[in-house]
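Protein chains in written order, with the working numbering: chain Z, 57 to 185; chain P, 83 to 487.
Glycine is no exception: its CB is placed at the ideal position from the N, C-alpha and C atoms.
On a predicted model such as this, the values are computed, not experimentally measured, just so you know.
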Amino acid sequence: MGLLVKGSLAGSALLGLGMLGRYISFQSEQSPPSQYDLGLATDYPVGSRTQNPQSQSIIIHVSQGYRAISLICPHLGCTVSVTNDGFACPCHGSRFLPDGSLRNGPASRPLTALRIEVNADGHLILYMN
Amino acid sequence: MYRHFFIASFILFMASGLVFWQQNRSPKPVGITPTITGQVEYCLTCHADLPEISQSHPVETFGCVLCHGGEPLALTADLAHSTLRGGANPSDLSVVEASCGGEMCHSGTPQVNRDHIQRVTTSLQATYAGAVAQVRYAFSAEPDLTARMGIYAIDGLAAFDPTAESSPALQAFGSNCLSCHLSAQPLEAEEYNRWSGCSACHSPAPREDGTLVHKLTTSMPYTQCNACHNRGNYSLSDMQFHPREDAPTDRLHDFYQPIAEFTRCEWTLDCEDCHTRQEAMGDGHIYSSKKDIQYVRCRTCHGTLDSLPLTYTITDENDLALRLDFLNPVVDLKLGDTILMTDKGEPLWNIRVIPGEEGTVPTYELFSKATGERFTFKPVMGSTCQQKPDQQEARYCHECHATQR
């Protein structure tokens, strides 16, 4: 009888710990990072236009340096597609020129330019805010 | 004593096991953080199998709660659905402003063509003001046919209250004849099946087996309209709705109830190929009769013996025609295309002059908004049509061009 009592109590404790562990280990939605390490800057040769899905942006290396443009449409936040002549939003038809400037609405602003720098290690760092 | 301990501990063990089992059965929360709201919501924990409602409303951008309401963090159905707007239909007119409204969405300004809700809520299809005016006038409750009442009070219209009417006929009208405005629940039969509000037109009706179709579209076949239209007739003599009694088996006979003969385009095309956004959704003004808002005529597309139909060439990237074609790309319109236009300047964006065939008497191509099927036609000008300039109503065209049913 004593063994049965201890066994029941031990079982209950284990189950309780299991539920507590599940509760504690729950991963809520994490905030998106404020910056991304895009790797070596040399991986982005002059003239390249490289999409980065994690940051939803495109990295452009022009002769004057690096530029980053957000691929989030400034109209309502859909992700624009890269086209032969710039960018197009699949949601409501806004279109942008290759430099991110607005070609036609319903968006009323260009694509957001993001800050991008080469750090001391030669890595491209993209800042989201 | 030990026995009591055992029973208590055993009950505790079983209870713990039951709770642990139930927790394991619960679905793992699936969260998304829509771009517009930035707030996590767990609707996809249970509804991940729902198809995207439309290309213009992707769930990654809009989420679910923005339109539907509900409790975004709840993981049980009862709690999650406890604050839904409009039940399964957030576009019901009672909640449409909260669900579909907003300056950037569907209750913005006319200048940017975002005033959908303002137009629809004052339209005849929503207010039923024309029917109310005509019936009240017929039974001497009003001095003329001017609309003074609607299904609900809006913009100068009072709310029609059948219980406040002294005429039994008007009371019967209120009981029997108000099943086809946008706020009304449809009659119970498959042929009348539809949603209310915006979804009455823009969403497929629930299926026969009761399953719902999660879809918003601007591509609407005539059958969508025929949930209300061409279903039968309201009789003033007995104030009842009399359903059509025929049993059509083809499109020609199904499109309209057997009250008249119609030209080929009237039953080959779909309603939205001719009837414009203003005609269907209103223009923001209160009207007393559909004759005051319906203005598309045969000559809108076909012209007259003396004049070609109105057209304009698209030169602005922000032209409404391009936007409408984007939402329902049956034409692939581009800058430089010449399309038809109504008397009020509404673009008939699915009808354009065939490039290279402009000439003195051009040829036009029409693309069905419901199917994308292409039709070509010539205008009246240059033909042997016998029409008279002052006889431009459809009935005159029907005299020669109606298809015998």
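Exposure label - residue i; buried when at least 16 CB within 10 Å
i: P/Gly145; result: buried
i: P/Thr165; result: exposed
i: P/Trp103; result: exposed
i: P/Cys383; result: buried
i: P/Leu448; result: buried
i: Z/Phe82; result: exposed
i: P/Thr331; result: exposed
i: P/Asp374; result: exposed
i: Z/Asp93; result: exposed
i: P/Met83; result: exposed
i: P/Pro482; result: Looking at the sequence itself, residue 482 of chain P is Cys, so the reference to Pro does not match. So P/Cys482 ends up on the exposed side.
i: P/His150; result: buried
i: P/Glu361; result: buried
i: Z/Gly58; result: exposed
i: Z/Pro162; result: buried
i: P/Val101; result: exposed
i: P/Asn171; result: buried
i: Z/Val138; result: exposed
i: P/Pro286; result: buried
i: P/Arg381; result: buried
i: P/Asp388; result: exposed
i: Z/Gln86; result: exposed
Proximal chain P residues relative to residue i, where beta-carbon distance stays under 8 Å
i: Z/Ile4; result: Here chain Z covers residues 57 to 185 and nothing more, so residue 4 of chain Z does not appear.
i: Z/Ser113; result: Neighbours of Z/Ser113 on chain P: none; closest Cβ ~14 Å, over 8 Å.
i: Z/Arg78; result: Gln105
i: Z/Leu71; result: Phe95, Ser98, Gly99, Val101, Phe102
DSSP-derived helix/strand/coil call for residue i
i: P/Ser370; result: coil
i: P/Glu512; result: No answer is possible for residue 512 of chain P: the residues shown for chain P start at 83 and end at 487.
i: Z/Ser64; result: helix
i: P/Tyr394; result: strand
i: P/Tyr316; result: strand
i: Z/Thr106; result: strand
i: Z/Met75; result: helix
i: P/Asn432; result: strand
i: P/Arg230; result: coil
i: P/Ile118; result: coil
i: P/Ala162; result: helix
i: Z/His131; result: coil
i: Z/Val118; result: strand
i: P/Pro244; result: helix
i: P/Pro250; result: helix
i: P/Met423; result: strand
i: P/Val217; result: helix
i: Z/Ala124; result: strand
i: P/Phe459; result: strand
i: P/Phe144; result: helix
i: P/His43; result: The structure shown does not extend to residue 43 of chain P, since chain P is modelled only from 83 through 487, so no value can be given for it.
i: P/Ala484; result: strand
Contact set between residue i and chain P, taken where Cβ atoms lie within less than 7 Å
i: Z/Asn160; result: Glu399, Asn400
i: Z/His148; result: Ser138
i: Z/Val136; result: Going along chain P, no residue has its Cβ under 7 Å from Z/Val136, so there is no contact; the nearest lies around 11 Å.
Under 9 Å by beta carbon: chain P residues contacting residue i
i: Z/Met75; result: Ser98, Val101, Phe102, Gln105
i: Z/Gly133; result: Pro116, Thr117, Ile118, Glu142, Thr143, Phe144
For residue i, the residue or residues it bridges with in DSSP
i: Z/Arg173; result: Note that residue 173 of chain Z corresponds to Glu in the displayed sequence, not to Arg. Looking at the DSSP assignment, Z/Glu173 forms a beta bridge with Z/Ile181.
i: P/Pro303; result: None, per the DSSP bridge assignment.
i: P/Gly168; result: According to DSSP, which records beta bridges pairwise, P/Gly168 is partnered with nothing at all.
i: Z/Arg151; result: Z/Ala144, Z/Asn160
i: P/Gly151; result: P/Leu166
i: P/Thr382; result: Per DSSP, none; premise fails for P/Thr382.
i: Z/Gln91; result: Z/Tyr183
i: P/Leu239; result: P/Ile236
Heavy atom of the ligand ADP within 7 Å of residue i beta-carbon
i: P/Arg381; result: The ligand ADP is absent from the structure shown, which contains no ligand whatsoever.
Contacts that residue i makes with chain Z (C-beta to C-beta distance below 7 Å)
i: P/Phe408; result: Gly149
i: P/Phe87; result: Val61
Neighbouring residues, chain Z, relative to residue i (Cβ below 8 Å)
i: P/Leu94; result: Ser64, Leu65, Ser68
i: P/Arg276; result: Ordered by position in chain Z, no residue passes the 8 Å Cβ test against P/Arg276, which lies about 26 Å from the chain.
Chain-ordered chain Z contacts of residue i [CB-CB under 9 Å]
i: P/Met186; result: His131, Leu132, Pro162
(message) Three Cβ pairs or more, each shorter than 8 Å: is that satisfied between the region 278–293 of chain P and the region 224–235 of chain P?
(response) Using a C-beta cut-off of 8 Å, the region 278–293 of chain P makes no contact with the region 224–235 of chain P, since fewer than three inter-stretch Cβ pairs fall below that distance.
(message) Taking contact to mean 3 or more Cβ pairs, one atom from each stretch, closer than 8 Å, check whether the region 168–183 of chain P and the region 275–282 of chain P are in contact.
(response) Cβ pair count under 8 Å is three or more, so yes.
(message) Whether or not the region 310–330 of chain P and the region 156–169 of chain P are in contact is what I'm after, with contact meaning three or more pairs of Cβ atoms, one per stretch, closer than 8 Å; do they touch?
(response) Three or more Cβ pairs closer than 8 Å define a contact, and the region 156–169 of chain P falls short of that threshold against the region 310–330 of chain P.
(message) With three or more C-beta pairs closer than 8 Å as the rule, is the region 132–145 of chain P touching the region 114–122 of chain P?
(response) They touch, by the three-pair rule.
(message) Taking contact to mean 3 or more Cβ pairs, one atom from each stretch, closer than 8 Å, check whether the region 148–156 of chain Z and the region 83–95 of chain P are in contact.
(response) No contact exists between the region 148–156 of chain Z and the region 83–95 of chain P.
(message) Does the contact criterion of 3 or more C-beta pairs under 8 Å hold for the region 228–248 of chain P versus the region 296–306 of chain P?
(response) Between the region 228–248 of chain P and the region 296–306 of chain P there are fewer than three C-beta pairs closer than 8 Å, too few to call the two in contact.
(request) Check whether the region 394–405 of chain P touches the region 261–274 of chain P, taking contact to mean three or more Cβ pairs, one atom from each stretch, closer than 8 Å. (result) The region 394–405 of chain P vs the region 261–274 of chain P: no contact.
(message) Assess contact between the region 426–436 of chain P and the region 377–396 of chain P, defined as three or more Cβ pairs (one per stretch) separated by less than 8 Å. Is contact present?
(response) Touching, yes.
(message) Measuring CB atoms only, is the region 231–245 of chain P touching the region 123–134 of chain P, in the sense that at least three cross pairs come out at less than 8 Å?
(response) Contact between the region 231–245 of chain P and the region 123–134 of chain P is absent, because fewer than three Cβ pairs lie under 8 Å.
(message) Does the contact criterion of 3 or more C-beta pairs under 8 Å hold for the region 118–126 of chain Z versus the region 163–174 of chain Z?
(response) Yes, the region 118–126 of chain Z is in contact with the region 163–174 of chain Z.
(message) I'd like to know if the region 341–357 of chain P and the region 451–464 of chain P are in contact, where contact means that at least 3 CB-CB pairs between them fall below 8 Å.
(response) Yes, they touch.
(message) Tell me whether the region 364–371 of chain P and the region 211–220 of chain P touch, counting them as touching only if at least three CB pairs, one residue from each stretch, are closer than 8 Å.
(response) Contact holds: three or more Cβ-Cβ distances are below 8 Å.
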